[in-house]
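Below is one structure, written out as structure tokens; comments come after it.
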Amino acid sequence: MSRRNIVVVAGGAGFVGSHLCRHLLDAGCEVICLDNLLTGGLRNIAGLEERGPFRFQRHDVTRGTSLPGTVDVVFHLASPASPLDYLRHPLATLAAGSTGTDNLLRLAREKSARFVLASTSEVYGDPLVHPQPETYWGNVNPLGPRSVYDEAKRFAEALTAAHRRSCGTSTGIARIFNTYGPRMRSADGRAVPAFVTQALRGDPVTVAGDGLQTRSLCYVDDLVEGLLLLSAAETPGPVNLGNPYEISMLDLATRVVRMTGSTSSIVFTERPQDDPSLRRPDITRARQELGWEPTTDLTAGLLRTISWFRSAAATSTTASAL
Ligand code: NAD
0 MSRRNIVVVA GGAGFVGSHL CRHLLDAGCE VICLDNLLTG GLRNIAGLEE RGPFRFQRHD
60 VTRGTSLPGT VDVVFHLASP ASPLDYLRHP LATLAAGSTG TDNLLRLARE KSARFVLAST
120 SEVYGDPLVH PQPETYWGNV NPLGPRSVYD EAKRFAEALT AAHRRSCGTS TGIARIFNTY
180 GPRMRSADGR AVPAFVTQAL RGDPVTVAGD GLQTRSLCYV DDLVEGLLLL SAAETPGPVN
240 LGNPYEISML DLATRVVRMT GSTSSIVFTE RPQDDPSLRR PDITRARQEL GWEPTTDLTA
300 GLLRTISWFR SAAATSTTAS AL
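Residue numbers (numbering that gives the first Met the number 0): 0 to 321.
Structure below.
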């Protein structure tokens, strides 16, 4: 009988990480979730130990990471990810991408485990090439406020590639494009949870700038499938994981208002500095090397997300009434 895979998910109590932990448990893996709860929460992983062998360890990956026993895969998702979070925690974001990445690469090397880095489309900055293939080197302002995230991830990629070259560690880099789904925080500053929460409350839906800037939104289950395929492959990447369907922020806001049946108006606010104008992944490499492409269209994904936010709002109203 083959033994089950033992998988470390750093950042496992966050939005993407908690979905990844659930999928890994459902696939029969043993999961060790490391998280310092900076932007994640225990509510995201509540009940996971009932699905399979799941262990949570409150741990900051910048402090060094050692674990007893065998580890087969190390996923590094531990980093603030939303603009509000990384602007609030600039030094912690740089540390998670640098020292945190180094510590987890050392763990993977010691255990002869596969290492998967959750990098980001932000490494392309405000891109001058559209859509973005992995061969594009990006257009990043290295000193602007967003650089704490963009450059941390670019450094994390360089470190991952260097560990592979120098130490022979099996590594894979995923460049994740905007992902959405249940368990995002209402106030994390990202468009989908902001629009859905505002529309469900009947508040004005706030669109930055003229709303013509685009994003490509990937449903979280599709992303997790891509991460799992990357962990099982040998390819170093980087591999873009995202949904090539592109939508302007104004169209997204309009669609959310319609789908929630809300009476909210749409209002325009100041555009943040260095906010990218266009974002769409070229996923040719993911198709060829992983056999991956997203299968959830935006309407289906938004319906699931809206329904989750609706029930989360109902639960918190009931809880505060008790
Ligand atoms: P999130 O903020 O919900 O989750 C990040 C998790 O990492 C949180 O639980 C947080 O507490 C934890 N964490 C942060 N610093 C840590 C540290 N030093 N030690 C241990 N834990 C730490 O964000 P998310 O949206 O789930 O993103 C997960 C990963 O995917 C991030 O690395 C992010 O850069 C990457 N990513 C996400 C998206 C997206 O659209 N969600 C897009 C591109 C890349």
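All C-beta atoms in this analysis are idealised placements derived from N, C-alpha and C, irrespective of residue type, glycine included.
Can you have a look at R2 and say buried or exposed, based on whether 16 or more other CB atoms are within 10 angstroms of its CB? Position 3 of the sequence shown, counted from the first residue, corresponds to residue 2. By the 10 Å Cβ count, R2 comes out exposed.
Compare the Cα-Cα distances from T44 to each of I5, F74, T64, H18 and report the closest residue. Translated into positions along the sequence shown, residue 44 becomes position 45. Looking at the sequence shown, residue 44 is not Thr but Ile. It is H18 whose Cα lies nearest to the Cα of I44.
According to the Cβ coordinates, are G208 and R270 closer than 7 angstroms? On the sequence shown, position 209 is the one that residue 208 refers to. On the sequence shown, position 271 is the one that residue 270 refers to. Taking 7 angstroms as the Cβ cut-off, G208 and R270 qualify as a contacting pair.
Proximal residues to Q272 (C-beta, below 8 angstroms), its chain only, five neighbours per side dropped: Sequence index remark: in the sequence shown, residue 272 carries index 273 (1-based). G143, P144, R145, listed in sequence order.
What does the Cβ neighbour count give for C32, buried or exposed, with the cut at 16 atoms within 10 Å? Locating residue 32 in the sequence shown gives position 33, where the first residue counts as 1. Buried, because 16 or more other Cβ atoms sit within 10 Å of the Cβ of C32.
Is the segment 158 to 177 close to the segment 101 to 108, with three or more CB pairs under 8 angstroms? In short, these stretches touch, since the Cβ pair count reaches three.
Please find out if some non-hydrogen atom of the ligand NAD comes closer than 6 angstroms to the beta-carbon of A80. The residue labelled residue 80 in the question sits at position 81 within the sequence shown. For the ligand NAD, at least one heavy atom lies less than 6 angstroms from the Cβ of A80.
For F194 versus A252, is the C-beta spacing smaller than 7 angstroms? Start at 1 with the first residue of the sequence shown, and residue 194 comes out as number 195. Start at 1 with the first residue of the sequence shown, and residue 252 comes out as number 253. By the CB criterion at 7 angstroms, F194 and A252 fall inside the cutoff.
Taking 6 angstroms as the cut-off, is the CB of A155 close to at least one heavy atom of the ligand NAD? Residue mapping note: residue 155 aligns to position 156 of the sequence shown, counting from 1. Checking the Cβ of A155 against the ligand NAD gives no.
Quick check on this structure: which residue in Y244, G290, V8, R214 has the alpha carbon closest to the alpha carbon of P126? Start at 1 with the first residue of the sequence shown, and residue 126 comes out as number 127. Closest by alpha carbon: R214.
So for G300, helix, strand or coil by DSSP? Locating residue 300 in the sequence shown gives position 301, where the first residue counts as 1. Helix.
Between the C-alpha atoms of V122 and V139, what's the straight-line distance to the nearest angstrom? Counting from 1 along the sequence shown, the entry for residue 122 is found at position 123. Counting from 1 along the sequence shown, the entry for residue 139 is found at position 140. Roughly 7 angstroms separates the two Cα atoms.
Is T213 helix, strand or coil when you go by DSSP? Counted from its first residue, the sequence shown places residue 213 at position 214. Here T213 sits in strand by DSSP.
Can you tell which of S120, V115, F154, D274 has the C-alpha that lies nearest to the C-alpha of G188? To locate residue 188, count along the sequence shown from 1; it is residue 189. If we check each option's Cα against that of G188, D274 comes out closest.
Rounded to whole angstroms, what is the Cα-Cα separation between E49 and D250? Against the sequence shown, residue 49 aligns to sequence position 50. Against the sequence shown, residue 250 aligns to sequence position 251. The alpha-carbon atoms of E49 and D250 are separated by roughly 40 angstroms.
With a floor of 4 residues, list each alpha helix (DSSP H) that falls wholly inside the segment 213 to 256, ordered by position along the chain. 219 to 231
Could you give the DSSP three-state label for A312: helix, strand or coil? Taking the first residue of the sequence shown as position 1, residue 312 is located at position 313. Three-state result, A312: helix.
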